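Asker: Below is one structure. I have some questions about it.
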Amino acid sequence: MRITHWITVISFLALLVTGGEILISHPRFYWGETGNSGTTPLFKIPIPASRDTVPSGYNYVMPDQNGWSRYLHFEAAWVLVITGLVYVVASALNSHFRKNLLPLPADRNWRAIRHVFAKSLHRGPPDPGESRTYNVVQRTTYLVVIFVLCPLVIWTGLALSPAFDSAVPAAVNLLGGRQSARTLHFFVSDLLVLFLIVHVAMIVLAGFWSRMRAMITGHIEASEERL
Amino acid sequence: MSNISRRKLITTGLAATAGVAGLATAHRLAQRYGLIPPDGGGLYGAGETLTYAAQRILTRHSMAREFPRSMISEKPFGNETAPPGDAFKRHQATGFSDWKLTVDGMVAHPTSFSLSDLKSLPIHNQITEVACEEGWSYVAEWIGTPLHNVLDAVGVLPQARYIAYFSIQPDWWESVDMADATHPQTFLTMGMNDGELPVQFGGPLRLRVPRQLGYKSVKYITHITATDSLKRFGKGLGSASPEAGYAWYAGI
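Residue numbers (this note's numbering), protein chains in the order written: chain A, 12 to 238; chain B, 79 to 330.
Dropping the structure here:
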């Protein structure tokens, strides 16, 4: 099952880079159904665009990378969706969600959550066995990423497909229109990037190589328990 | 070797064999039902084939969203095009009165249509969105004759699988499969928002394919051809877009 994590890492990074490249061709966001260089944006990303038709405020036009970026974005999306399905089905069958990700009954309260933050802010020693289990904040975050953010990023992305929308108009209409869907796709992606940054920061704080070894081999050295 | 790792090895081996066999079968089936796009090879071919096959199955008869008149964009955006060539300028000088659309290839009666010939076919209108792969969009009313009227008039042969269409501007051409070519919203467009189709938006004749992104809606159409294979056109990748690095199928 750890393999699904690493396939997800590779495809997410591919989606991130290519998504950024596609964004560069029109770094303006709108709300509602329509929006273009002639209308007022909701907000702009202050970077030059890869099209000279975009009023970016710069005299510089970036190189167009949309062709391969779009090919790779959708290919990586397929890999991510298929891997995600395998992970979700397998985790439901082997009780990974119930055993490791659902917060323990004793932890389903604000006091337990405050305890996690207070302890990490005071840099207190880890609770016994903490390198083998997730605390309530980690568990909640993982569940939100798996069951809220990932489905949302797929939905908002699919809503940008005119062909998909012809078959399932509600996919885009429920989001408030094509440009709203694009803006939401950007925001949900930002939240996933925020998760990635915090996730990697925690790995670095916990000991990058020991955590990497654990996630690759599945084994935790007995000596690490004392850390 | 312990029993567990042997069992694991056998299961993994069986799963891999089943996977490869499954993929081979899926590939054969996809080929048989025309679900592999002309640019379905190479590094991105697998993703492209999955996208095209999935969307073709899901959207064979679905209709692009149409909007109320109140949602027509006040500021449509006519994307920039290469400067018009001499051939286009000559037609522009005469008000496009000699504009011809030649339809040939795998058809029973190759025919040239003038704009007034096209206007004598049943004229329809649709209020649909132009969505550019860059991310921007606008809604407009498009007036024209569904492409299938022209295809019916020339008698496209049953073995034709694609319709390729060419702009008067050099190296600007696209193609669609028959599902999109015969789709009721695929228009040979001559009017926009109650007026003539402006040059900036593809006038005098643009092929609108509203279920795909804007770059499939080629401007200044003069030639349409029916074919059973796209291999002999251009570099054999289906249209000018894959030759420039863009996907042939632009449903997403």
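Glycine is no exception: its CB is placed at the ideal position from the N, C-alpha and C atoms. Please read these numbers as outputs of a predicted model, since none were measured by experiment.
Compare the beta carbon distance of B:L285 and B:Y243 with 8 Å and say whether it is the shorter of the two.
Answerer: Taking the first residue of the second sequence as 1, we reach residue 285 of chain B at position 207. Taking the first residue of the second sequence as 1, we reach residue 243 of chain B at position 165. Result yes, Cβ atoms of B:L285 and B:Y243 sit closer than 8 Å.
Asker: If you reduce the DSSP assignment to three classes, tell me which class B:F145 lands in.
Answerer: Position 67 of the second sequence, counting from 1, holds the residue named residue 145 of chain B. Coil, per DSSP.
Asker: Between A:S48 and chain B, is the shortest Cβ-Cβ distance under 8 Å, so that the two count as touching?
Answerer: Locating residue 48 of chain A in the first sequence gives position 37, where the first residue counts as 1. At least one chain B Cβ lies under 8 Å of A:S48.
Asker: For the structure I just gave you, are there three or more beta carbon pairs, one from the stretch 216 to 235 of chain B and one from the stretch 100 to 115 of chain B, closer than 8 Å?
Answerer: No, the stretch 216 to 235 of chain B does not touch the stretch 100 to 115 of chain B.
Asker: Just curious, the alpha helix (DSSP H) that A:S200 is in, first and last residue?
Answerer: To locate residue 200 of chain A, count along the first sequence from 1; it is residue 189. Note, A:S200: alpha helix (DSSP H), 189 to 228.
Asker: For chain B, check one thing: does any of its Cβ atoms lie closer than 8 Å to the Cβ of A:Y69?
Answerer: Position 58 of the first sequence holds residue 69 of chain A. So no, A:Y69 is outside the interface.
Asker: So with CB distances below 7 Å, who are the chain A contacts of B:Y86?
Answerer: Numbered from its first residue, the second sequence carries residue 86 of chain B at position 8. The sequence shown places Lys at residue 86 of chain B, rather than the Tyr named in the question. None at all; the shortest Cβ gap to chain A is about 13 Å.
Asker: On the DSSP bridge list, what partners appear for B:R284?
Answerer: Translated into the one-based positions of the second sequence, residue 284 of chain B becomes position 206. For B:R284, which the question treats as bridged, DSSP gives the partners B:T267.
Asker: Ignoring anything shorter than 3 residues or poking outside the stretch 239 to 266 of chain B, list the beta strand (DSSP E) runs there in chain order.
Answerer: 240 to 245, 251 to 255, all fully within the stretch 239 to 266 of chain B.
Asker: My understanding is that A:T45 touches B:E207, with C-beta atoms under 8 Å, so please give their C-beta distance in whole angstroms.
Answerer: Here residue 45 of chain A refers to the residue found at position 34 of the first sequence. Here residue 207 of chain B refers to the residue found at position 129 of the second sequence. Sure, about 7 Å apart at Cβ, within 8 Å.
Asker: Measure the CB-CB distance between B:N271 and B:I150 and report whether it falls below 8 Å.
Answerer: Sequence index remark: in the second sequence, residue 271 of chain B carries index 193 (1-based). Sequence index remark: in the second sequence, residue 150 of chain B carries index 72 (1-based). Yes, the Cβ-Cβ distance between B:N271 and B:I150 is below 8 Å.
Asker: If contact means a Cβ-Cβ distance below 7 Å, which residues of the stretch 65 to 98 of chain A contact chain B?
Answerer: Hits within the stretch, in order: N77, G78, W79, R81, Y82, L83, F85, E86, W89.
Asker: A:D118 by DSSP, collapsed to three states: which one?
Answerer: The count along the first sequence starts at 1 and reaches residue 118 of chain A at position 107. Correct three-state label for A:D118: helix.
Asker: If we define contact as Cβ-Cβ less than 8 Å, is A:E236 a contact residue for chain B?
Answerer: Start at 1 with the first residue of the first sequence, and residue 236 of chain A comes out as number 225. Low confidence applies here, because A:E236 scores a pLDDT of 49, under 50, leaving its location unreliable; read the following figure in that light. Taking Cβ atoms only, chain B never reaches closer than 8 Å to A:E236, which makes this a no.
Asker: Taking the straight line between their C-alpha atoms, what separation do you get for B:A325 and B:W251?
Answerer: Taking the first residue of the second sequence as 1, we reach residue 325 of chain B at position 247. Taking the first residue of the second sequence as 1, we reach residue 251 of chain B at position 173. Distance between the alpha carbons of B:A325 and B:W251: 13 Å.
Asker: At 4 residues or longer, what runs of the alpha helix (DSSP H) sit wholly inside the stretch 71 to 128 of chain A?
Answerer: The stretch 71 to 128 of chain A contains these whole alpha helix (DSSP H) runs: 77 to 104.
Asker: Specify whether the stretch 301 to 310 of chain B and the stretch 169 to 181 of chain B touch according to this definition: at least 3 beta carbon pairs, one from each stretch, less than 8 Å apart.
Answerer: The stretch 301 to 310 of chain B, when compared against the stretch 169 to 181 of chain B, does touch it at the 8 Å Cβ threshold.
Asker: Pull up the distance between the alpha-carbon of A:V20 and that of B:G119, whole angstroms please.
Answerer: Counted from its first residue, the first sequence places residue 20 of chain A at position 9. Counted from its first residue, the second sequence places residue 119 of chain B at position 41. Computed Cα separation, rounded: 25 Å.
Asker: Select from B:H202, B:P200, B:R106, B:D176 the residue whose C-alpha is nearest the C-alpha of B:S190.
Answerer: The count along the second sequence starts at 1 and reaches residue 190 of chain B at position 112. Minimum Cα distance to B:S190 is reached at B:D176.
Asker: Following a CB-centred definition, is B:P288 positioned closer than 7 Å to any heavy atom of the ligand ATP?
Answerer: Looking for the ligand ATP in the displayed structure turns up nothing, as the structure carries no ligands at all.
Asker: For A:F23, which three-state DSSP category applies?
Answerer: What you label residue 23 of chain A is simply residue 12 of the first sequence in a count that begins at 1. In this structure, A:F23 counts as helix in the three-state DSSP scheme.
Asker: Between which two residues does the beta strand (DSSP E) harbouring B:P224 extend?
Answerer: Translated into positions along the second sequence, residue 224 of chain B becomes position 146. Counting along the chain, the beta strand (DSSP E) containing B:P224 begins and ends at 215 to 224.
Asker: Could you tell me whether the Cβ of B:A257 comes closer than 8 Å to any Cβ of chain A?
Answerer: Position 179 of the second sequence, counted from the first residue, corresponds to residue 257 of chain B. Chain A, which has no Cβ nearer than 8 Å to the Cβ of B:A257, makes this no.
Asker: Nearest by alpha-carbon distance to A:D63: which of A:I56, A:P52, A:L53, A:S48 is it?
Answerer: Locating residue 63 of chain A in the first sequence gives position 52, where the first residue counts as 1. Nearest of A:I56, A:P52, A:L53, A:S48 to A:D63, Cα basis: A:S48.
Asker: Which residue from A:E141, A:V147, A:A117 puts its Cα closest to that of A:F128?
Answerer: Here residue 128 of chain A is taken as the residue at index 117 of the first sequence, counted from 1. Comparing Cα-Cα distances from A:F128 to each of A:E141, A:V147, A:A117, the minimum goes to A:V147.
Asker: Does the distance from the CB of B:V254 to the CB of B:K294 come in under 8 Å?
Answerer: Numbered from 1 along the second sequence, position 176 holds the residue referred to as residue 254 of chain B. Numbered from 1 along the second sequence, position 216 holds the residue referred to as residue 294 of chain B. Contact flag set, yes.
Asker: Just curious, the alpha helix (DSSP H) that A:S177 is in, first and last residue?
Answerer: Within the first sequence, residue 177 of chain A is the residue found at index 166, counting from 1. Run containing A:S177: 173 to 178, per the alpha helix (DSSP H) assignment.
Asker: Do A:S172 and B:R143 have their C-beta atoms closer together than 8 Å?
Answerer: For the purposes of this step, residue 172 of chain A is taken as residue 161 along the first sequence, with counting starting at 1. For the purposes of this step, residue 143 of chain B is taken as residue 65 along the second sequence, with counting starting at 1. Contact flag unset, no.
Asker: Which partner residues of A:F40 appear in the DSSP bridge assignment?
Answerer: For this step, residue 40 of chain A is matched to residue 29 along the first sequence. DSSP, once it has assigned bridges, lists A:F54 as partnering A:F40.
Asker: Would you call B:Q109 buried or exposed, if buried means 16 or more other Cβ atoms sit within 10 Å of its Cβ?
Answerer: Numbered from its first residue, the second sequence carries residue 109 of chain B at position 31. Exposed, because fewer than 16 other Cβ atoms sit within 10 Å of the Cβ of B:Q109.
Asker: For the alpha helix (DSSP H) containing B:H169, list its first residue and its last residue.
Answerer: Taking the second sequence and counting its residues from 1, one reaches residue 169 of chain B at position 91. First-last of the alpha helix (DSSP H) with B:H169: 164 to 171.
Asker: Sorted by chain position, which residues of the same chain lie with C-beta nearer than 7 Å to A:V183's C-beta, five sequence neighbours on each side aside?
Answerer: Here residue 183 of chain A corresponds to residue number 172 of the first sequence, with the count starting at 1. Only A170, D176, R189, A192 meet the Cβ criterion.
Asker: Assuming B:E126 is part of the beta strand (DSSP E), what are its boundary residues?
Answerer: Here residue 126 of chain B refers to the residue found at position 48 when the second sequence is read from its first residue. No beta strand (DSSP E) contains B:E126, which is instead part of the alpha helix (DSSP H) from 123 to 137.
Asker: Across which residues does DSSP place B:L382 in a beta bridge pair?
Answerer: Because chain B spans 79 through 330 in this model, residue 382 of chain B falls outside it and cannot be assessed.
Asker: Taking the DSSP output, what are the residues bridged to B:A304?
Answerer: Working through the second sequence from its first residue, we reach residue 304 of chain B at position 226. Answer by DSSP bridge pairing, in chain order: B:G183, B:I241.
Asker: Measuring only between beta-carbons, confirm whether B:E212 sits less than 8 Å from chain A.
Answerer: Here residue 212 of chain B corresponds to residue number 134 of the second sequence, with the count starting at 1. At least one chain A Cβ lies under 8 Å of B:E212.
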